[in-house]
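S.K.: Take a look at this one; I'll ask things after.
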Amino acid sequence: MAPEERLAADDHDVRLGVDVGGTFTDVVLLDGDDLTTAKVPSTEDQSVGVIEGIEKACAEAAVAPDDVDSFAHGMTVSVNALLEEAGATTALVTTAGFRDVLEIGRQDRPALYDLDVEKPTPLVPRRRRHELAERATVDGIETPIDEDEVRTLAAEFDDDVESIAVCLLHAYAHPDNERRVAEVLREESDANVSVSHEVLAEFREYERTATTVADAYVTPAIDSYIGRLESRAEELGVPAPRVMQSNGGIADPTTVRENAVTTVLSGPAAGVVGAETTATGRADDLEGLITFDMGGTSSDVSLVRDGDVERTTDATIDGRPIGVPMVDLTTVGAGGGSVAWVDAGGALRVGPESAGANPGPACYGRGGTTPTVTDANVVLGYIGGSSALGGELELDERAAHDALADLANESDLDGPVAAARGVYRVANATMTRAIRSITVERGHDPRQFGLVAFGGAGPMHATALADALDIERVVVPRACGVLSAYGLLAADEKHDAVRTHRTSLGDLDIDTVETAYDELAARVSADSSDSDAAHIERAADCRYAGQSFELTIPVEEPIDPDGLAERFQQAHETAYGYRMDDTVELVTLRTTATIEREPTTLTYAGNGESRTDSRTVIFGNECHETPVYAREALATDRELTGPAILEGTESTVVVPPSWTGTVGMDGTLVLEREVTR
């Protein structure tokens, strides 16, 4: 279609997805079923890179920005603020006697035998944690708020306090005191105020306080960023961005600004949604999918089972609990830009430090000299001189070899090739452990799963991980290098609400519970862009009496206590291998509103003329003369036999010896391992 024809076309949907990563900002533009992708370096102010990426994608697709119908966005503003401790100057207001909850935390010890282990520094130092003489119990308010005390406290806040977290004892059940404190603080202060019964209406004081503090800590950054992005988008002519939340659903900017903590896993969640959307049909004969997203800074792994993304409410970010619903991800500091180094004992290590985008790996030719995983891939031949990262970044192979040669000298390895093999293996071992943690350690056999590889570096390492785990199928979506951005196009709108309601199922007051569910449903419906189109799902956290952990179980309408108890028993047996005769307790009510989005479709028209080159590639300890193909030109139903290298503008797929591949009708590549028994 000629550019002028495309610009005039208005009979189909033009969708735009932009995901910001640590190294690159990825852009996907879907014009009907025609796909255009682009990458640009991420910028310090992420909104600048987002607009640059949109302009680049629109120019390549010959689509005017004001012809874009929808714009979905994934970002790292929240998680960066937490990881870098660069959020707002925050104060905490809590019940007398509870100012140190953040510091005390729990008595669990993740590193049981580490004598030097340090807890994460509280986001609010003790001097900015304040107490109020109020009290609520599980039965109700005992001591009401003294408003004069709150006003006096507000006057004592330093001028540099940008945000205030309010978390009072038992406010999840009886929020009147907390609600009034927030009202007074908003009257007396210009600071943002985050309130625990609005952020996370659940019991467990430490988790509720930590989540509320995290929300207060990141809200000013999110508010400022969304404001800048909305302004720049309006100037460009594209719609206001709808933002990916940690739960795998998108929401409008206003909702996100009011619930900032829900965005801490915005970008990674979009990748899992993209993997589920593009690869589920390739695993009908398997237990599910393992999603593997390897970017420039880190790698994320997750599970998709029964066609649904696994979610959790028990996540931690940098050692701090975040109790809002989110995609269940495990992250390790092993990405393409992860720096290789030698520790004091002479052992080769990889990450968690990253070379980032500027200067980046040595092979970027931007002055970087430290060896990285990407440099190792260059030395091994997986990335070659014909590769252009992001479509425009020419590689400096000599710089990569020099960086690995220096590493070899430092680690007493026999030259840059040996060092590159070591870096590749160490990075793979780190990622393999992450996959084991979400499969083997949770009772799942990874051999019964397929591996979905995406991210700029994922398809280069996927088959090596599959070999280590005896996984026989690897799925590489067509848009694998920008799959998080593509996932934004396919994500449904989603809103969650929770409330703790503790009772045994045998003593359940059905009317009371149904009233609570109705109130939660009204809340998520109010957050939805179209309440009439919202599909409401109900769930409950249940446990055996005396347990300190729960399982989330679907709840029918109206609730059936006996049926819920049996479903919990089955879920407990599946998760832990046994069931008990003990009393089953209802702990927390959950409601989710979902507005399904129109599914995405892609056209793919590879012409079969795809071989571009050949080069020497190292697999294990052997060198192979390996054909290099342009992935976008591979014909549908084309069968490949390894070794082979498939190059694209956003990623490179490595097909080792003993692996074969087939190209699907939508351009998805399915790799199968030759199994000898």
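Taking the UniProt record's numbering, the leading residue of the sequence shown gets 1, the next gets one more, and so forth. The C-beta atom is built at its ideal place from N, Cα and C for all residues, glycine as well.
For HIS461, does the three-state DSSP call read helix, strand or coil?
M.R.: Position 461 of the sequence shown, counted from the first residue, corresponds to residue 461. In the structure shown, HIS461 sits in a helix (DSSP, three-state: H, G or I).
S.K.: According to the Cβ coordinates, are VAL524 and THR591 closer than 7 Å?
M.R.: On the sequence shown, residue 524 is found 524 positions in, with the first residue counted as 1. On the sequence shown, residue 591 is found 591 positions in, with the first residue counted as 1. Yes, they are a contact pair.
S.K.: If ASP318 and LEU83 are in contact, beta carbons under 8 Å, what's the gap, nearest whole angstrom?
M.R.: Your numbering for residue 318 matches position 318 in the sequence shown. Your numbering for residue 83 matches position 83 in the sequence shown. About 5 Å separates the two Cβ atoms, so the contact holds.
S.K.: How would you write the range of the beta strand (DSSP E) that GLU556 sits in, first residue to last?
M.R.: The residue given as residue 556 occupies position 556 in the sequence shown. Per DSSP, GLU556 belongs to no beta strand (DSSP E) and is neither H nor E.
S.K.: At 3 residues or longer, what runs of the beta strand (DSSP E) sit wholly inside the region 460–521?
M.R.: Fully enclosed beta strand (DSSP E) runs of 3 or longer: 473–476, 493–504.
S.K.: At the 7 Å Cβ level, is VAL243 part of the contact set with chain B, yes or no?
M.R.: The displayed structure is made up of one protein chain only, and chain B is not part of it.
S.K.: Please tell me whether LEU348 and SER266 are closer than 7 Å, where the distance is taken between their beta carbons.
M.R.: Start at 1 with the first residue of the sequence shown, and residue 348 comes out as number 348. Start at 1 with the first residue of the sequence shown, and residue 266 comes out as number 266. Contact flag unset, no.
S.K.: Below 8 Å on the Cβ atoms is my contact criterion, and I expect ASP492 with GLU596 to pass it. Report the Cβ-Cβ distance as a whole number of Å.
M.R.: Numbered from its first residue, the sequence shown carries residue 492 at position 492. Numbered from its first residue, the sequence shown carries residue 596 at position 596. That pair is a contact at about 5 Å.
S.K.: What first and last residue would you give for the alpha helix (DSSP H) that runs through ILE226?
M.R.: If you number the sequence shown from 1, residue 226 lands on position 226. Segment 205–236, the alpha helix (DSSP H) holding ILE226.
S.K.: Let's test the definition: count the other Cβ atoms within 10 Å of the Cβ of ASP215 and tell me whether it reaches 16, buried, or not, exposed.
M.R.: Here residue 215 refers to the residue found at position 215 of the sequence shown. Flag for ASP215 reads buried.
S.K.: List the DSSP bridge partners of VAL663.
M.R.: The count along the sequence shown starts at 1 and reaches residue 663 at position 663. BP columns for VAL663 point to LEU669.
S.K.: Tell me whether LYS119 sits in a helix, a strand or coil according to DSSP, three-state version.
M.R.: Residue mapping note: residue 119 aligns to position 119 of the sequence shown, counting from 1. Reduced to three states, the DSSP call for LYS119 is coil.
S.K.: Identify every run of the alpha helix (DSSP H) within the UniProt domain "Acetophenone carboxylase-like C-terminal" (513–660), keeping only runs that are complete inside it and at least 4 residues long; order them along the chain.
M.R.: The qualifying runs are 561–576.
S.K.: Determine, using beta-carbon pairs with one atom in the region 577–593 and one in the region 542–550, whether at least three such pairs fall under 8 Å.
M.R.: Contact holds: three or more Cβ-Cβ distances are below 8 Å.
S.K.: Fully enclosed by the region 349–424, which alpha helix (DSSP H) runs are 4 residues long or longer?
M.R.: For the region 349–424, whole alpha helix (DSSP H) runs of length 4 or above, ordered along the chain, are 373–380, 397–411.
S.K.: Can you tell me whether GLN245 is buried or exposed? The criterion is at least 16 other CB atoms within 10 Å of its CB, across all chains shown.
M.R.: One-based indexing of the sequence shown puts residue 245 at position 245. Buried: at least 16 other Cβ atoms inside 10 Å.
S.K.: Would you call the region 215–228 and the region 83–103 touching, i.e. three or more CB-CB distances under 8 Å?
M.R.: Yes: the two stretches touch, three or more of their Cβ pairs being nearer than 8 Å.
S.K.: Under a Cβ-count criterion, where at least 16 other Cβ atoms within 10 Å of its own Cβ denotes burial, should ALA8 be classed as buried or exposed?
M.R.: Residue mapping note: residue 8 aligns to position 8 of the sequence shown, counting from 1. Below a pLDDT of 50, predicted positions are generally treated as unreliable, and ALA8, at 42, falls in that range; no measurement from the model is reported.
S.K.: When you compare each of ARG421, HIS572, PRO120 to VAL378 by their alpha carbons, which one comes out closest?
M.R.: As a position in the sequence shown, residue 378 is number 378, starting the count at 1. Out of ARG421, HIS572, PRO120, ARG421 has the C-alpha closest to the C-alpha of VAL378.
S.K.: Go through its chain and collect everything with a Cβ distance to THR660's Cβ below 6 Å, but skip five positions before and after it.
M.R.: As a first step, residue 660 must be located in the sequence shown, where it is residue number 660. Contacts found: THR641, GLU672.
S.K.: Which of helix, strand or coil does DSSP assign to ASP67?
M.R.: If you number the sequence shown from 1, residue 67 lands on position 67. Reduced to three states, the DSSP call for ASP67 is helix.
S.K.: Under three-state DSSP, which class holds ARG677?
M.R.: As a working mapping, residue 677 is identified with position 677 in the sequence shown. Here the model assigns ARG677 a pLDDT of 46, short of 50, so the residue's position is not dependable, and the following value carries that caveat. Here ARG677 sits in coil by DSSP.
S.K.: Could you give the uninterrupted runs of the alpha helix (DSSP H) lying entirely in the region 84–114, keeping only those of 4 residues or more?
M.R.: You should have 101–104.
S.K.: Is the Cβ-Cβ distance between TYR172 and VAL101 less than 7 Å?
M.R.: As a first step, residue 172 is located in the sequence shown; it is residue number 172 there, counting from the start. As a first step, residue 101 is located in the sequence shown; it is residue number 101 there, counting from the start. No, the pair does not count as a contact, with Cβ atoms beyond the cut-off.
S.K.: Identify whether ALA344 lies in helix, strand or coil by the three-state DSSP scheme.
M.R.: Start at 1 with the first residue of the sequence shown, and residue 344 comes out as number 344. ALA344: coil per DSSP, three-state reduction.
S.K.: Check MET326 in the structure and name its three-state DSSP category.
M.R.: The sequence position of residue 326 within the sequence shown is 326, counting from 1. It is a strand residue.
S.K.: Use the C-beta contact count for GLN46: other C-beta atoms within 10 angstroms, 16 or more gives buried, fewer gives exposed.
M.R.: Residue mapping note: residue 46 aligns to position 46 of the sequence shown, counting from 1. Answer is buried; the Cβ neighbour count reaches 16.
S.K.: Identify whether THR291 lies in helix, strand or coil by the three-state DSSP scheme.
M.R.: Taking the first residue of the sequence shown as position 1, residue 291 is located at position 291. It is a strand residue.
S.K.: Measuring straight from C-alpha to C-alpha, what distance separates ASN192 and ALA165?
M.R.: By 1-based counting over the sequence shown, the position of residue 192 is 192. By 1-based counting over the sequence shown, the position of residue 165 is 165. Distance between the alpha carbons of ASN192 and ALA165 is about 8 Å.
S.K.: DSSP on GLU202, reduced to helix/strand/coil?
M.R.: To locate residue 202, count along the sequence shown from 1; it is residue 202. If DSSP states are grouped into helix, strand and coil, GLU202 belongs with coil.
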